[in-house]
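In this note's numbering, the protein residues as written are 3 to 140. All residues carry an ideal CB built from backbone N, CA and C; glycine is no exception. Since this is a predicted model, take the numbers as computed values, not measurements. Read through the structure below, which is laid out as structure tokens, and then see the notes.
If you want it as structure tokens, here you go:
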């Protein structure tokens, strides 16, 4: 079974967000799916980015993926890639007080944190104050 057939089969069996996304990838790969920061991304491009991230996420044994991102291509790809990996995504806002984010991160037992370029500096401060290690992806 080729990749296209696998996507079609999965999307027809699954009416979840990812199932519907995969259906759109199969049916409309060259249609615009997203416009972010002045750039259009087709369903195929978005799928390729999310699939790569999903593969990386699957290498780690954890249930949650924390997204410390602003509204960017990184955040959209991270949401889709996390769901494709069968994990739970936990968005935290770089715009709320760091103490709130520290408290939230300290309640998560395991996880990966994905940080976009724009928030690397504030993430360093945040990560220094949590009480256990996390896997960090930039």
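Runs of the alpha helix (DSSP H) lying entirely within the segment 78-120 and spanning at least 4 residues, in chain order: 100-109.
A Cβ-Cβ separation of about 18 angstroms leaves residue 79 out of contact with residue 113 under the 8 angstroms criterion. Pairing residue 56 with residue 92, the inter-Cα distance amounts to about 15 angstroms. A residue is called buried once 16 or more other Cβ atoms fall within 10 Å of its Cβ, and residue 86 is buried on that count. In the DSSP secondary-structure assignment, residue 17 is not bridged to any residue. Listed in chain order, the non-local C-beta contacts of residue 81 below 6 angstroms within the same chain comprise 91, local neighbours out to five positions each way being set aside.
For residue 43, the secondary structure class from DSSP, reduced to helix, strand or coil, is strand. Within the DSSP secondary-structure output, residue 70 pairs in a beta bridge with 94, 117. Between residue 103 and residue 128, the beta carbon gap of about 6 angstroms places them in contact (Cβ cut-off 8 angstroms).
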